[in-house]
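Take a look at the structure below.
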């Protein structure tokens, strides 16, 4: 049973409105992943380009159709399957699958090694970075030293800023040793590695690109909460989700300096 | 008695090509190694090694054989011998290029200290063929004779051919071959001779108090001026770890309640008396232990009453509430007519009680609590001391503690046994132990409390994290040693002040330099950074104390009037481990997890909260398109109710109104027949918070 609702959806391909050619649009966030995926089925195959960027807007207000951006700078993954269908009216249809673009998936400088050091900008951070790299035996390309990373909060926010998030960190804070982010590791992966021990909840909203690392033992919850009245719910499926119960936690702190 | 190889290893390098060897095609190079294995040795000892290069026709072209002689396993080598066999053309010696021994090297080692195996005195001698150019006629002048003797040869009885040797043209066979100065003709004016001691090297070792010095020379007989000095090379002596042959004495322990920090185990003493032989006589060195190991025995535990069951998990009263969540709450179970069913209608479990078991199982085995480092310096007659907090204790339980002293893996017998009934305010069930590894890294090890709903203990995984944080190994604990009150109100506005106090209860602790804290417990206090009212507090150090006055210096004066009745408390500071002292608070600033214990606790609690239990996941279809959703948002579902009828039962149920976490969603918009984009609704994926 479907309920008709006034949802205005607009699809832009390379900043051109292709909504009239669209047959169906869907966007989703896979469980436990921050990358949103989207699918557009469109007649605008003549405009199709693998390198196009897609913006999808949705709004409850027909007078302001670009109220909320649900997919920002969506791109087609190179390995995504695309199919061109021809229907009875000889209208060729093309189905495009993609993800929303963000630097969290990429490094802008993939050959660079980042060294985040708890030292002030100037000579001391360079010296500390040199000391760290001496002990590091992975591949090092060009090296970029990021200074003033005194604590975990600053490290996480620095990396999140480089991944183009508006971020905030509400987890536990610790004084940090210098950290190396190897060339192939994205900002997002390195953040996840850093916060993994604290089992932080990640709160994210695409529409204002805001990322919040939230402490699970805190009383306060993230930014948004919503209440869904029962009469809006059509169906509920519930199942147990098994987790590994930790019994023993070993935390190793490497020697420094 | 020399060691002989007990194990042979052979490596074959196929198609090996080396421009320096004397043939065009090398089929393979065979390296054969003879190793001596012995259970007392950490590593096998190489006894012999042979390189053979074999050409494409199967003939050996070049061979090097090395031999090391040992007297006994683990000792220094006695002798090293190396032979080089080659098919090189050496005039008058090997014109037919048969495989001939060209060079022999012998090194004889000796040492006076078996504990410095790397510092050896030795004599190395190389014997080899030397190639000479020939003069047209025998010509050996007295000067030439002297030169010949200088070069290690006898001039007496030299043959005519030897008298033709052009002494200055002497070259080692390999040198001559590599430089291409060998004329490969049978009638060329060149000859060769086996010369003993072409290269001679002698190195001796002198022992000094803190080091060994290697000093020597190397002489190349073909160039008499070419004498090289070797060394001096200095080898700093390292301490040699013996297993102690003297017994380690056990320490003395005492235990006390430390409230929320658990049981404080104070350890003193222990160690060993080590005899150090010196040239001036024997020195007796009284050494404290490196670390203490603390053990514990449970006498009884509070939450276990006079009960016991075969599984040993007897719990009193109702079973602890599970933190597992029900999705569905049945609010009414009854008949069709609406009369509730007193028996519940459906099988349900509201409480769980073990049958009464009269005899508890007493856990009387010693369990390890942790390791405490000796805080005292390693000095003669310095008494060892350490403090360890056992947090894995339950209020009302009785425990027995004991400790051992450890020096270089030698452990003392158990110390005295101290019994305590823990009266801590708050039961702790997380157990933390901290250890420092040899590479300087610190490891915290946390064991979580058992899940009370599980039928057996010790269930769960071990998770490892490496956190590049800066931590102190242990924190600082200070607690009041005595409490008196001010008898005259005083405004603290200078650095040094004299206060009038009631007479001290324990005058021994009122010593100079002892930190002292004044706390105004009368007034309302002042708000701290988070707006909570905290009492005014000022700290300082005692200068002098006599009778009812005390002079305190280094006060952080705050201009507050401390009224009569203000608490004055000298502090006992347990400065445990690195970074302690007064600066600790300044160093850590507002960082929450500045000690390894706090860090481990922060990680452990969060892991337990987030992953400690299985959770439920929900898929929800909402009849409304929801945009602007936020992953991780809190979702509450209200008012989902339904009735179910079966046989003679009526069930009225609802979804529990608890917050869930939004993990994912999906929205699909499809163009309908009229050409309008329509949305069906939103699929939400939720998990238990």
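Chains as they are written, first to last, in the numbering used here: chain Y, 26 to 282; chain Z, 150 to 838. Note that CB positions come from ideal geometry on N, CA and C, so glycine has one too.
**Asked** If you check the beta carbons only, do residue 831/Z and residue 266/Y fall under 8 Å apart?
**Response** no
**Prompt:** Does residue 251/Y come within less than 8 Å of chain Z when only Cβ atoms are used?
**Reply:** yes
**Item:** Residues sharing a beta bridge with residue 841/Z, DSSP
**Value:** No answer is possible for residue 841/Z: it lies beyond the span of chain Z, which begins at 150 and ends at 838.
**Message:** Considering just the uninterrupted stretch of the beta strand (DSSP E) at residue 280/Z, what are its terminal residues?
**Reply:** 270-283
**Message:** Along the chain, where does the alpha helix (DSSP H) containing residue 297/Z start, and where does it finish?
**Reply:** 291-299
**Request:** Give the single residue among 277/Y, 121/Y, 259/Y whose Cα lies nearest to the Cα of residue 767/Z.
**Result:** 259/Y
**Straight-line gap, residue 633/Z to residue 146/Y (C-alpha atoms, nearest Å)** = 50 Å
**Item:** Pairwise C-alpha distance: residue 44/Y and residue 116/Y
**Value:** 16 Å
**Request:** Return helix, strand or coil for residue 326/Z, following the three-state DSSP convention.
**Result:** helix
**Message:** My output table needs one value for residue 208/Z: the three-state DSSP class, helix, strand or coil.
**Reply:** coil
**Prompt:** Is residue 170/Y closer than 8 Å to residue 142/Y when the C-beta atoms are compared?
**Reply:** yes
**Asked** Just how far apart, CA to CA, sit residue 582/Z and residue 520/Z?
**Response** 8 Å
**Message:** List, from N- to C-terminal side, the beta strand (DSSP E) runs of 3 residues or more that fit wholly inside the segment 78-163 of chain Y.
**Reply:** 79-84, 93-100, 108-111, 117-125, 137-141
**Asked** Are the C-beta of residue 48/Y and some C-beta of chain Z separated by less than 8 Å?
**Response** yes
**Asked** When you compare only the Cα positions, how much space is there between residue 212/Z and residue 159/Y?
**Response** 41 Å
**Item:** Neighbour flag for residue 210/Z against chain Y, beta carbons, 8 Å
**Value:** no
**Asked** Grouping DSSP H, G and I as helix and E and B as strand, with all else coil, what is residue 694/Z?
**Response** strand
**Sub-8 Å separation of residue 635/Z and residue 649/Z beta-carbons** = yes
**Request:** State the Cα-Cα distance for the pair residue 311/Z and residue 287/Z, rounded to the nearest angstrom.
**Result:** 8 Å
**Residue interval of the beta strand (DSSP E) (run including residue 343/Z)** = 339-356
**Contact check, residue 271/Z vs residue 194/Z, beta carbons under 8 Å** = no
**Prompt:** Looking at chain Y, which residues of the segment 289-317 of chain Z have a Cβ within less than 9 Å of any of its Cβ atoms?
**Reply:** none
**Request:** Would you kindly check if the distance between the Cβ of residue 585/Z and the Cβ of residue 279/Y is under 8 Å?
**Result:** no
**Message:** Quick check on residue 729/Z - is its C-beta less than 8 Å from some C-beta in chain Y?
**Reply:** Here residue 729/Z scores only 33 on pLDDT, less than 50, and its place in the model should not be relied on; the value that follows carries that caveat. Judged by the 8 Å Cβ criterion, residue 729/Z is not in contact with chain Y.
**Asked** In whole angstroms, what is the alpha-carbon distance linking residue 247/Z and residue 320/Z?
**Response** 21 Å
**Exposed unless 16 or more other CB atoms sit within 10 angstroms - verdict on residue 764/Z** = buried
**Message:** Looking at the strands, I want to know which residues DSSP matches up with residue 181/Z.
**Reply:** 159/Z, 199/Z
**Asked** Grouping DSSP H, G and I as helix and E and B as strand, with all else coil, what is residue 530/Z?
**Response** coil
**Prompt:** Under the rule that 16 or more other beta-carbon atoms within 10 Å means buried, what is residue 695/Z, buried or exposed?
**Reply:** exposed
**Prompt:** If you draw a straight line from the C-alpha of residue 373/Z to the C-alpha of residue 298/Z, how long is it?
**Reply:** 11 Å
**Message:** Using beta carbons (cut-off 8 Å, strictly below), is residue 223/Y in contact with chain Z?
**Reply:** yes
**Message:** Given this structure, state the Cα-to-Cα distance separating residue 502/Z from residue 398/Z, to the nearest angstrom.
**Reply:** The predicted position of residue 502/Z is uncertain, since its pLDDT is 38 and thus under 50; a value taken from the coordinates is nonetheless stated next. Residue 502/Z and residue 398/Z: Cα-Cα distance of roughly 49 Å.
**Asked** What residues match up with residue 828/Z in a beta bridge as DSSP calls it?
**Response** 818/Z
**Message:** Against residue 229/Y, what residues of chain Z qualify as contacts under a CB-to-CB distance less than 8 Å, listed in chain order?
**Reply:** 779, 780, 781
**Request:** Spell out whether any CB of chain Z is found under 8 Å from the CB atom of residue 280/Y.
**Result:** yes
**Request:** Enumerate in chain order the residues of its own chain whose CB-to-CB distance from residue 332/Z is below 6 Å, with the five nearest sequence positions on each side excluded.
**Result:** 339
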